[in-house]
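Chemist: At position 263 of the first sequence the residue is numbered 264 (our numbering), and the sequence of numbers has no breaks.
Questions regarding the structure given below will be posed in turn.
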Amino acid sequence: MGCNLKDLAPAKPIEISDLSGQRVAIDVFLNAYQFITSMTREDGKPLSYNDKPVSHLMGFLDRASILVSEGIDPVFVFDGSPHDLKRATLNERKTRKIEAKAKWENAIIEGDMPAAKKLGPQTAEYTPEMVAETKRLFDCMGLVWIEAPMEAEGAAAVMCKRGLVGAVASQDWDTLVYGSPFMIRNLTAHGTRKFGRVMQAEMISLDEMLDGLGISHSQLVDLAIMIGTDFHPGIKGIGPKTGLKLIKEHGNMEKVSSVKGFDLPENLEQIRSLFLNHPTNEDPVPISRPAVEEDLIQFLQIERGFGEGRMKRALDRLSSVGKLSSKSRPTLFDF
DNA sequence: CAAGAGGA
DNA sequence: TCCTCTTGG
Numbered sequence: 002m003g004c005n006l007k008d009l010a011p012a013k014p015i016e017i018s019d020l021s022g023q024r025v026a027i028d029v030f031l032n033a034y035q036f037i038t039s040m041t042r043e044d045g046k047p048l049s050y051n052d053k054p055v056s057h058l059m060g061f062l063d064r065a066s067i068l069v070s071e072g073i074d075p076v077f078v079f080d081g082s083p084h085d086l087k088r089a090t091l092n093e094r095k096t097r098k099i100e101a102k103a104k105w106e107n108a109i110i111e112g113d114m115p116a117a118k119k120l121g122p123q124t125a126e127y128t129p130e131m132v133a134e135t136k137r138l139f140d141c142m143g144l145v146w147i148e149a150p151m152e153a154e155g156a157a158a159v160m161c162k163r164g165l166v167g168a169v170a171s172q173d174w175d176t177l178v179y180g181s182p183f184m185i186r187n188l189t190a191h192g193t194r195k196f197g198r199v200m201q202a203e204m205i206s207l208d209e210m211l212d213g214l215g216i217s218h219s220q221l222v223d224l225a226i227m228i229g230t231d232f233h234p235g236i237k238g239i240g241p242k243t244g245l246k247l248i249k250e251h252g253n254m255e256k257v258s259s260v261k262g263f264d265l266p267e268n269l270e271q272i273r274s275l276f277l278n279h280p281t282n283e284d285p286v287p288i289s290r291p292a293v294e295e296d297l298i299q300f301l302q303i304e305r306g307f308g309e310g311r312m313k314r315a316l317d318r319l320s321s322v323g324k325l326s327s328k329s330r331p332t333l334f335d336f
């Protein structure tokens with residue numbers, strides 16, 4: 002997932018309030034996997050109710066309601082159909098998942114619960130049914146979601162380029178390679194403790210990054226391709242540091258390859274254009290609405306067994322910023 | 001992941 | 001009060 006540009010990207014700490022009033026694009030799959038793999042039971046499988054996983058719904062309910070209460074208007078972006086060039090990456094993930102599943106089953110048979118708890122997350126699946134449920138949740142919350150033609154990260158970056166969202170919240174450096182002018186890291190983890198330190202949200206400006214590195218966006222794309230992307234494994238022996246040096250010295254990947262003597266990717270032009278001209282549709286981004294209390298309670302509390310306390314917390318967060326409507330008690334936003 | 005519990 | 005651990009369904 003993404004290439005390692007961490008050392009090359011100048012990240013400025015920001016406060017959540019800096020983003021108040023802005024639309025922020027969020028990659029759904031990335032977050033969904035985070036929830037499914039971290040909100041687990043003893044056997045490492047996601048929390049569930051009547052044998053149906055609920056971790057994704059819980060995570061998005063909490064996360065989205067917090068963002069809304071901070072004045073942020075999230076736009077959730079689902080992945081579309083992957084490009085053929087991503088096949089190898091996806092197959093590799095699938096193989097790993099199958100291996101992990103075999104190990105997990107073995108651990109269960111042997112009653113080795115610590116091992117199962119570790120392996121379970123590696124078998125995590127975000128099924129079409131779970132995707133549909135996530136969309137239903139966003140609908141209940143009145144939040145905007147869109148389906149990318151291809152890569153969610155790419156579509157989000159293009160939306161930011163077009164000014165449809167103020168920034169893209171992501172952990173994936175591909176966001177910048179796709180040309181998103183602004184990328185926010187640790188948006189939702191802001192203020193939480195990880196490994197003893199308090200997580201801080203940070204903003205990266207693509208222009209500032211390119212200025213600082215002294216390269217153009219298309220040179221960043223070539224650099225990323227050399228380091229390795231979802232569409233190509235990259236060039237062995239070239240990481241962020243030497244890659245940057247080589248691109249600055251020689252200008253582009255063709256020159257670097259002739260100097261260093263490696264083969265160019267077969268589909269170099271195609272890969273470049275996936276980053277430089279990512280396919281998107283021209284549909285306008287819908288406008289978010291207030292959540293509907295009854296719909297949320299019906300779905301999560303009645304159908305999926307959510308506790309009253311969790312429901313109340315989420316509803317309170319929404320209503321604190323006037324983003325909760327009720328069929329019996331409409332808000333001003335309904336008019 | 002976020003909240004709450006329980007310990008330092 | 002702060003920090004770590006556990007729970008959530």
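Don't be surprised by glycine CBs; every beta carbon is placed ideally from N, CA and C.
Thinking I27 and F77 are a contact (beta carbons under 8 Å), I'd like their distance in whole angstroms, please.
Modeler: Position 26 of the first sequence, counted from the first residue, corresponds to residue 27. Position 76 of the first sequence, counted from the first residue, corresponds to residue 77. Indeed they touch by this definition, with Cβ atoms about 5 Å apart.
Chemist: Quick check: the Cα distance between A190 and L20, rounded to an integer number of angstroms?
Modeler: Here residue 190 refers to the residue found at position 189 of the first sequence. Here residue 20 refers to the residue found at position 19 of the first sequence. Rounded to whole angstroms, A190 and L20 show a C-alpha spacing of 15 Å.
Chemist: Which word fits A369, buried or exposed, when buried means at least 16 other C-beta atoms lie within 10 angstroms of its C-beta?
Modeler: Coverage of the chain is limited to positions 2 through 336, which leaves residue 369 absent and any answer about it impossible.
Chemist: Leaving out five residues on either side along the sequence, give the residues of the same chain with a beta carbon under 7 Å from the beta carbon of I109.
Modeler: Within the first sequence, the letter at position 108 stands for residue 109. So the list reads D44 and A117, once near-sequence residues are dropped.
Chemist: Can you tell me whether F196 is buried or exposed, with buried defined as 16 or more other CB within 10 angstroms of its CB?
Modeler: For the purposes of this step, residue 196 is identified with residue 195 of the first sequence, where counting begins at 1. Under this definition F196 is an exposed residue.
Chemist: By DSSP, does F336 sit in helix, in strand, or in coil?
Modeler: Walking along the first sequence from the start, residue 336 turns up at place 335. In this prediction, F336 has a pLDDT of 45, which is less than 50 and means its spatial position is unreliable; nothing more can be read from the coordinates.
Chemist: The beta strand (DSSP E) that contains S206, what's its start and end?
Modeler: Translated into the one-based positions of the first sequence, residue 206 becomes position 205. Taken as a continuous stretch (DSSP letters only), the beta strand (DSSP E) holding S206 covers E203 to S206.
Chemist: According to DSSP, is P14 helix, strand or coil?
Modeler: Working through the first sequence from its first residue, we reach residue 14 at position 13. P14: strand per DSSP, three-state reduction.
Chemist: Report the rounded CA-to-CA distance for R273 versus M114, giving the unit in angstroms.
Modeler: The residue you call residue 273 lines up with position 272 of the first sequence. The residue you call residue 114 lines up with position 113 of the first sequence. So the two alpha carbons sit approximately 45 Å from each other.
Chemist: Looking at the strands, I want to know which residues DSSP matches up with S49.
Modeler: Translated into positions along the first sequence, residue 49 becomes position 48. DSSP lists P54 as partners of S49.
Chemist: Buried or exposed: which applies to A133, given that a residue is buried once 16 or more other Cβ atoms fall within 10 Å of its Cβ?
Modeler: Taking the first sequence and counting its residues from 1, one reaches residue 133 at position 132. Exposed, by the Cβ-count rule.
Chemist: Whose C-beta lies closer than 7 Å to the C-beta of S82 among residues of the same chain, with five residues either side of it excluded?
Modeler: One-based indexing of the first sequence puts residue 82 at position 81. Once the five neighbours on either side are set aside, the close Cβ partners of S82 are M151.
Chemist: Under a three-way DSSP split, which group does R163 fall into?
Modeler: Residue mapping note: residue 163 aligns to position 162 of the first sequence, counting from 1. Coil at R163, not helix or strand.
Chemist: Alpha carbon to alpha carbon, how far is E294 from S329? Give it in angstroms, no decimals.
Modeler: Within the first sequence, the letter at position 328 stands for residue 329. Within the first sequence, the letter at position 293 stands for residue 294. If you take the alpha carbons of S329 and E294, they lie about 10 Å apart.
Chemist: Can you grab the Cα-Cα spacing for the pair L325 / I99, in whole Å?
Modeler: Along the first sequence, one-based indexing puts residue 325 at 324. Along the first sequence, one-based indexing puts residue 99 at 98. Whole-angstrom Cα-Cα distance: 42 Å.
Chemist: Using DSSP with H/G/I as helix, E/B as strand and the rest coil, what is M184?
Modeler: Here residue 184 refers to the residue found at position 183 of the first sequence. Assignment of M184 by DSSP, reduced to helix, strand and coil, places it in the strand class.
Chemist: Residues in its own chain within less than 7 Å of I298 by CB, not counting five upstream and five downstream?
Modeler: Taking the first sequence and counting its residues from 1, one reaches residue 298 at position 297. For I298, where only same-chain residues beyond five positions count, the Cβ hits under 7 Å are M312.
Chemist: State buried or exposed for I226, treating a residue as buried only when at least 16 other CB atoms are found within 10 Å of its CB.
Modeler: Here residue 226 refers to the residue found at position 225 of the first sequence. It is buried - the Cβ of I226 has at least 16 other Cβ atoms within 10 Å.
Chemist: Do you know how far the Cα of L207 is from the Cα of F336?
Modeler: Counting from 1 along the first sequence, the entry for residue 336 is found at position 335. Counting from 1 along the first sequence, the entry for residue 207 is found at position 206. Reliability of the predicted coordinates at F336 is poor, the pLDDT of 45 falling under 50, and the value obtained from them is presented with this limitation in mind. Distance between the alpha carbons of F336 and L207 is about 39 Å.
Chemist: For N282, which residues of its own chain have a beta-carbon under 7 Å away from its beta-carbon, when the five flanking residues on both sides are left out?
Modeler: Locating residue 282 in the first sequence gives position 281, counting from the first residue. Result list for N282: P150, in chain order.
Chemist: Please tell me whether F30 and S56 are closer than 8 Å, where the distance is taken between their beta carbons.
Modeler: Taking the first residue of the first sequence as position 1, residue 30 is located at position 29. Taking the first residue of the first sequence as position 1, residue 56 is located at position 55. Against a cut-off of 8 Å, the Cβ pair of S56 and F30 comes out as no contact.
Chemist: Comparing alpha-carbon positions, which option in I185, K261 and S321 lies nearest E16?
Modeler: Numbered from its first residue, the first sequence carries residue 16 at position 15. Minimum Cα distance to E16 is reached at I185.
Chemist: Under 8 Å, with one C-beta from each stretch per pair, do the stretch 88–103 and the stretch 159–166 reach the 3-pair mark?
Modeler: no
Chemist: Give the straight-line distance between the Cα atoms of R305 and M204, rounded to the nearest whole angstrom.
Modeler: Along the first sequence, read from residue 1 onward, the residue named residue 305 stands at position 304. Along the first sequence, read from residue 1 onward, the residue named residue 204 stands at position 203. Each residue's Cα considered, the two are about 36 Å apart.
Chemist: Can you tell me the Cα-Cα spacing of L188 and S320, whole angstroms?
Modeler: Numbered from 1 along the first sequence, position 187 holds the residue referred to as residue 188. Numbered from 1 along the first sequence, position 319 holds the residue referred to as residue 320. Roughly 21 Å separates the two Cα atoms.
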